[in-house]
Amino acid sequence: MNCFGFFYRSHNKGTLIEVDTSILDVPKEISIGHCVAKDMRMSAGIAVYFKNIYKRVGELMDQRKDVGTVAFLEENQRFIFYIITKELSYHKPSYDNISAALNELRDLIVEHHIKNLALPRIGCGLDGLDWAIVRGIIENVFQNVECTIMICNFTKHLSKESDNIFRVEHPTTIKIDKNIKNIENIIL
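The numbering of the sequence shown is the UniProt record's numbering, which starts it at 1 and goes up by one.
Right under this line is the structure:
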């Protein structure tokens, strides 16, 4: 059994498991990450929650990271990774950019001795990439890294991102959601 409470077997050093849980609900000692644009707007999908919970967008911008790289925050010995897969929020990522960013993420995981990482299905929600391809990239990039990666297939706030779209448009901040209770809990 691993720290996520799930049984698994692996032939590689690291392990990739998929679970139906919200990335926002994983234990605080587990590092987490998600995809963002270089502009760090984080105005749709799960990124809105990361922006609201962890804030410090200025600190992320100060890192001056490019597409295909990773910005990060450290909070109470936990890393929060911002995997930069596209230039602007309204763009779509490419598999090459996902791969480049995951290679940098791998290097950060090794450098900081991170043993457990939770990610959503990166690039596959609102960005529309094919999960089978992205999963293959993740497995390939992390195959020799001693880190368990938990893929969170469900977000309690956005059970199906395509059905429950949540957006915060800029610069005039318009909030759109199918459930008004979600909007009341957002602090921009």
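Note that beta-carbon positions come from the ideal geometry of N, C-alpha and C, so glycine has one too.
Ile17 is positioned such that its CB atom lies no closer than 8 Å to that of Val26. In the three-state reduction of the DSSP assignment, Met150 falls in the strand class, which pools E and B.
Contact check between the stretch 105-120 and the stretch 33-42: three or more CB pairs, one atom from each, fall below 8 Å, which counts as touching. DSSP, reduced to helix, strand and coil, places Leu119 within a strand of the structure shown.
For Tyr82, the pairing in a beta bridge is given by DSSP as His34 and Ala71.
Secondary structure note for Ile114: it is in no alpha helix (DSSP H), with a DSSP letter that is neither H nor E.
Assignment of Val26 by DSSP, reduced to helix, strand and coil, places it in the coil class. A straight line joining the alpha-carbon of Leu60 with that of Ile114 spans about 20 Å. Residue state for Val19 is assigned as strand, using DSSP reduced to three classes.
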